[in-house]
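See the structure below:
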């Protein structure tokens, strides 16, 4: 027998060109090569699940207005991902460990102590791996922290959720309902509205695509006004919400997807004057700034899944070849639930 | 001798027509008649000083988006005012007492227990009466509460103040400076900027009228970014500030005068996305919701005046005939300091 060295084939998704508006699949390209060898203080991680998030859209533009550096042309796409350690030169991590962090869209990725959001994961036996980049990851923890810590949600309040059937929205809505709030969703199209009502526990849902007076539609759906608006979209929806908030209402600013596809031409807001007259509080937040609340939020969602108050919806595709399509569909606004890519098994020579 | 009844002549300013955009003097009319007799539970107050405030502009429009009811055509203008009790049928108030509250723009006004913000005043011997609707009233207390309670201001932070030489701005700026902050003002025109630098203690001032890139001008004046933006104007200034805030920056939303003269066509905001990326907090506030902080704010400003760290600037006119002009000048943006009307002595028959 010949002794073969361990050669791992690696496929990765790189940025072929910068999208103009909605990203298209040909903005991306898949390249194949050999996996890197981890150097001192590094480890090689086999990526198992990739979280597709609207925030990634910002990294594709070449500007300085986002919270990560832009990805260069030809650079590997990045995402919050989870995977399993294959080789480790990093103290405290061993082959077989599950980790989460900002990783490349690739089969095998190099991770070190500086990897953004690097965390070792304790995988529960009854939970799929992909859940750890969804309901048991950032998009699940975000609405819990947003409603509790930023929104200071109290039972009996009226909570409005935009992107109602989205990754963050459908979890936040069910949590708010579980905590005794009245929960109203805003979504686009009859199918999403039906899903929101039938599967996600909303008390009422507004189809923003079927109304030409969103302001009035919100007023009708929220006769007692709105105490918390959990904003995932910004733009005209946020603008209409300003006119429907109760005094001392809180607006949890989690994302403003309405502007992501056109960062140079974001939709205008006209009603911000209501911040003063209604004494509103708007607070932007990124989950990573609230580390001390993450464990409790994770426990909340595990409890929700096990005890049944939380109906988690995954929009899952399998295989790295589908990564560009999944991301483009997410950014087109057509998806329901949390978009996650489950990686297929790469070729291995060992 | 004939015994004459006490007949008090009363002049009042009424709304002749609703302004379209900037108010003009002919939107107002002065009417003369006899002062009312206070009924049970009422008192008659001789108005001594009227606070001219941009918020009044909102009450002149016939819409439901403001925090007071619109003033009807022919109705008496209202303002935060202070005066002296002439006759009282109200328990706890005696002739000679000084009171403040929402009163008519008139010589003699009826006040009762439901009068908005009714407060008995303790006039310090060394303070002019007009100060009690200015630096020792709402416009003086507002920036203190806004910076301390809403903005959670800390020494060493960079504070930006719009409407830098205005009623609220010039007091807030000097307070922030007194508390060890670096204070940058935004004002319109070279004369205002000179006053801000020479008389109001600003470290730097931006003339928004002389720049076509306010965003860059702020960046240059605030090389370490902005921790607190005290917003009196909204509109394009607020929009430019979004791009200059530090992470976790606070925007104290005190007023958005940019839209007051054209409530149906407010200036748009495009950069609200920065609320998320920079994790900003915006909080609208009306002083009257923070009653427990008023006494301390008053003491702060009395201390400032007596010990000299606070250079208070009054834009005072005397005589009710000047009320419309004073208000129109305020709303045109030409004024410096706190606009206050000192009432002249009405004719009396007693």
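Residue numbers (the numbering used here), protein chains in the order written: chain A, 125 to 474; chain B, 125 to 474.
The beta-carbon is built from N, C-alpha and C at its ideal position, and this holds for glycine as well.
Would you please verify whether the beta carbon of residue i is less than 7 Å from any beta carbon of chain B?
i: residue 390/A; result: yes
i: residue 396/A; result: yes
i: residue 202/A; result: no
i: residue 136/A; result: no
i: residue 143/A; result: no
i: residue 125/A; result: Note that residue 125/A scores 42 on pLDDT, short of 50, meaning its location in the model is unreliable; the coordinates nonetheless yield the value given after this. For residue 125/A, the answer is no, since every Cβ of chain B falls outside 7 Å of its Cβ.
i: residue 474/A; result: At residue 474/A, the pLDDT of 47 sits below 50, so the modelled position is not reliable and the matter cannot be decided from this model.
Distance, Cα to Cα, residue i vs residue j?
i: residue 260/A; j: residue 454/A; result: 19 Å
i: residue 480/A; j: residue 321/B; result: Because chain A here runs from 125 to 474, residue 480/A falls outside it and cannot be looked at.
i: residue 125/A; j: residue 215/A; result: Its pLDDT being 42, under 50, residue 125/A is placed unreliably by the model, and the measurement read from it follows with that caveat. So the two alpha carbons sit approximately 34 Å from each other.
i: residue 324/B; j: residue 418/B; result: 23 Å
i: residue 206/B; j: residue 299/B; result: 24 Å
i: residue 235/A; j: residue 362/B; result: 40 Å
i: residue 250/B; j: residue 218/B; result: 23 Å
i: residue 337/B; j: residue 310/B; result: 13 Å
i: residue 469/A; j: residue 133/A; result: 11 Å
i: residue 256/A; j: residue 447/A; result: 18 Å
i: residue 162/A; j: residue 131/A; result: 13 Å
i: residue 428/A; j: residue 392/B; result: 41 Å
i: residue 277/B; j: residue 421/B; result: 14 Å
i: residue 203/A; j: residue 341/A; result: 36 Å
i: residue 177/B; j: residue 312/A; result: 43 Å
i: residue 225/A; j: residue 186/A; result: 23 Å
i: residue 179/B; j: residue 437/A; result: 48 Å
i: residue 464/A; j: residue 397/A; result: 39 Å
i: residue 201/A; j: residue 380/B; result: 41 Å
i: residue 196/B; j: residue 175/B; result: 20 Å
i: residue 242/A; j: residue 369/B; result: 28 Å
i: residue 445/A; j: residue 364/B; result: 42 Å
i: residue 348/A; j: residue 376/A; result: 19 Å
i: residue 474/A; j: residue 222/A; result: Residue confidence is low: residue 474/A scores 47 on pLDDT, short of 50, so the model does not pin down where it sits. No coordinate-derived value is stated.
Using a C-beta cutoff of 7 Å, does residue i count as contacting chain A?
i: residue 232/B; result: no
i: residue 403/B; result: yes
i: residue 365/B; result: no
i: residue 321/B; result: no
i: residue 454/B; result: no
i: residue 271/B; result: no
i: residue 244/B; result: no
i: residue 406/B; result: yes
i: residue 380/B; result: yes
i: residue 128/B; result: Residue confidence is low: residue 128/B scores 49 on pLDDT, short of 50, so the model does not pin down where it sits. No coordinate-derived value is stated.
Going along chain A, which residues have a C-beta under 7 Å from residue i?
i: residue 377/B; result: 399 and 400
i: residue 413/B; result: 403
i: residue 393/B; result: 392, 393 and 396
According to the Cβ coordinates, are residue i and residue j closer than 7 Å?
i: residue 462/A; j: residue 263/A; result: yes
i: residue 270/A; j: residue 378/A; result: yes
i: residue 317/B; j: residue 329/B; result: yes
i: residue 292/A; j: residue 266/A; result: yes
i: residue 228/A; j: residue 136/A; result: yes
i: residue 331/A; j: residue 367/A; result: no
i: residue 305/B; j: residue 344/B; result: no
i: residue 210/A; j: residue 168/A; result: yes
i: residue 182/A; j: residue 139/A; result: no
i: residue 373/A; j: residue 350/A; result: yes
i: residue 284/A; j: residue 326/A; result: no
i: residue 232/B; j: residue 159/B; result: yes
i: residue 466/A; j: residue 442/A; result: yes
List the residues of chain B whose Cβ lies closer than 7 Å to the Cβ of residue i, in chain order.
i: residue 410/A; result: 403
Against residue i, what residues of chain A qualify as contacts under a CB-to-CB distance less than 9 Å, listed in chain order?
i: residue 358/B; result: 396, 397, 399 and 400
Residue i CB to nearest chain D CB: under 7 Å?
i: residue 434/A; result: Protein chains A and B are contained in the structure displayed, whereas chain D is not.
Could you check whether the region 426-442 of chain A touches the region 394-402 of chain A, counting it as contact only if at least three pairs of C-beta atoms, one from each stretch, sit closer than 8 Å?
no
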